[in-house]
Amino acid sequence: MNKPPQCRIGPVTVGAGRLVLIAGPCMAESRQLCLTVAERLAGICRKLDIGYVFKASYDKANRTAADSPRGPGLETGLEWLAEVREKVGAPVLSDVHDIAQVAPAGNVLDCLQIPAFLCRQTDLLLAAGRTGKAVNVKKGQFLAPARMRFAAEKVRSTGNNNVILTERGTTFGYDLLVNDMRAIPIMQEFAPVVFDATHSTQQPGSGGVTGGQRRFVATLATAALAAGADALFIETHPDPDNAKSDAASQWPLYEMEELLKRCLAIFNTTRNNG
34 MNKPPQCRIG
44 PVTVGAGRLV
54 LIAGPCMAES
64 RQLCLTVAER
74 LAGICRKLDI
84 GYVFKASYDK
94 ANRTAADSPR
104 GPGLETGLEW
114 LAEVREKVGA
124 PVLSDVHDIA
134 QVAPAGNVLD
144 CLQIPAFLCR
154 QTDLLLAAGR
164 TGKAVNVKKG
174 QFLAPARMRF
184 AAEKVRSTGN
194 NNVILTERGT
204 TFGYDLLVND
214 MRAIPIMQEF
224 APVVFDATHS
234 TQQPGSGGVT
244 GGQRRFVATL
254 ATAALAAGAD
264 ALFIETHPDP
274 DNAKSDAASQ
284 WPLYEMEELL
294 KRCLAIFNTT
304 RNNG
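Under our numbering, the first residue of the sequence shown is numbered 34, with each subsequent residue one higher.
What follows is the structure, given as structure tokens:
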């Protein structure tokens, strides 16, 4: 298998043989929450020598119910993310949901994320690629991993080679996702691969609110790293049960260091023995 190009997100390189973590709260609930989580995770990652990218969504545009909280919105959310990068020193990532968001987001973010449901939207992928910033395309729950080649090619057609692909589970049945770890080496033919350990445990749309099985986050994260994933995507919160979004799947912030120690041991072992 030909090794795909590496992806640079600010000072962090994905696919260079060093574990990378993309993590933060699902929703940017407040400026202070973003700073608290970013500072804690940045400290852990410095201690463990893990590359770190902060993630929070300024707009949760795909909530199950119309009255669910969506976040602070584009302008305020980008202000908070810019403050995280300035005060914590971590590169920042968030979602873009339509072309109108791409230019302002590209002026602030180090990585623009294409949500899974939008991974085939050509104009959105091209607009994100033209910003010159890194682009993280999440694999659609409905899509075979080999088809993500075309998403990566759309971004690279703009002259931007900084693209990563994220595995986040495949639709299996009513309100259930399943992970096929073969997706990781398959998609690594096209780009470095991130494994989304929290969204992969979701039970979408259960009773009008997305459910989840948080207890399987560590199982899936370690399995994905054993399968060769280049990076992990983990949503984490100081009080996940009371989070305003994805409460059932976010990992407790106070348990992140222990989880990352386990993950790093597997990452290093599989690479050293490879």
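Cβ coordinates follow ideal geometry from the N, Cα and C atoms, glycine included. The model shown is predicted, which means the values in this text are computed figures rather than measured ones.
9 Å Cβ cutoff met for residue i and residue j
| i | j | result |
| --- | --- | --- |
| residue 210 | residue 231 | no |
| residue 113 | residue 61 | yes |
| residue 74 | residue 91 | no |
| residue 224 | residue 196 | yes |
| residue 201 | residue 221 | no |
| residue 304 | residue 50 | yes |
| residue 178 | residue 213 | yes |
| residue 84 | residue 264 | yes |
| residue 42 | residue 124 | yes |
| residue 297 | residue 145 | no |
| residue 117 | residue 149 | no |
| residue 115 | residue 86 | no |
| residue 135 | residue 71 | no |
| residue 279 | residue 268 | yes |
Which listed residue (the options) has its alpha carbon closest to that of residue i
| i | options | result |
| --- | --- | --- |
| residue 266 | 281, 188, 293 and 280 | 293 |
| residue 58 | 170, 281, 135 and 270 | 270 |
| residue 141 | 164, 199 and 93 | 164 |
| residue 156 | 138, 133 and 172 | 133 |
| residue 39 | 247, 257 and 189 | 189 |
| residue 129 | 276, 43, 284 and 147 | 147 |
| residue 246 | 260, 274 and 149 | 274 |
| residue 131 | 109, 154 and 118 | 154 |
| residue 215 | 115, 258, 118 and 88 | 258 |
| residue 108 | 151, 127 and 203 | 127 |
| residue 262 | 279, 198, 287 and 282 | 198 |
| residue 151 | 288, 187 and 172 | 172 |
| residue 248 | 278, 282 and 82 | 282 |
Cα-Cα separation, residue i to residue j
| i | j | result |
| --- | --- | --- |
| residue 243 | residue 79 | 33 Å |
| residue 255 | residue 228 | 10 Å |
| residue 205 | residue 169 | 23 Å |
| residue 63 | residue 105 | 8 Å |
| residue 139 | residue 46 | 18 Å |
| residue 290 | residue 272 | 16 Å |
| residue 217 | residue 226 | 6 Å |
| residue 93 | residue 301 | 34 Å |
| residue 284 | residue 193 | 33 Å |
| residue 183 | residue 48 | 19 Å |
| residue 95 | residue 176 | 18 Å |
| residue 186 | residue 180 | 11 Å |
| residue 158 | residue 203 | 21 Å |
| residue 286 | residue 67 | 12 Å |
| residue 44 | residue 191 | 22 Å |
Residue i in three-state terms, based on DSSP
| i | result |
| --- | --- |
| residue 136 | helix |
| residue 188 | helix |
| residue 144 | strand |
| residue 39 | coil |
| residue 307 | Because residue 307 sits at a pLDDT of 45, beneath the cut-off of 50, its placement in the model cannot be relied upon, and the point is left open. |
| residue 205 | strand |
| residue 193 | coil |
| residue 212 | coil |
| residue 167 | strand |
| residue 157 | helix |
| residue 297 | helix |
| residue 286 | helix |
| residue 291 | helix |
| residue 151 | helix |
Test: residue i CB closer than 9 Å to a CB of chain B
| i | result |
| --- | --- |
| residue 71 | Protein chain content of the structure displayed is limited to a single chain, and chain B is not contained in it. |
Proximity test, residue i beta-carbon vs the ligand NAD heavy atom, cut-off 8 Å
| i | result |
| --- | --- |
| residue 108 | For the structure depicted, the ligand NAD is absent and the ligand set is empty, with no information on it obtainable. |
Residue ranges of each beta strand (DSSP E) run of no fewer than 3 residues wholly in the segment 45-129, ordered along the chain?
45-47, 53-57, 84-88 and 125-128
Mind pulling the beta strand (DSSP E) runs of 3 or more residues that sit fully within the segment 217-275?
226-229 and 264-270
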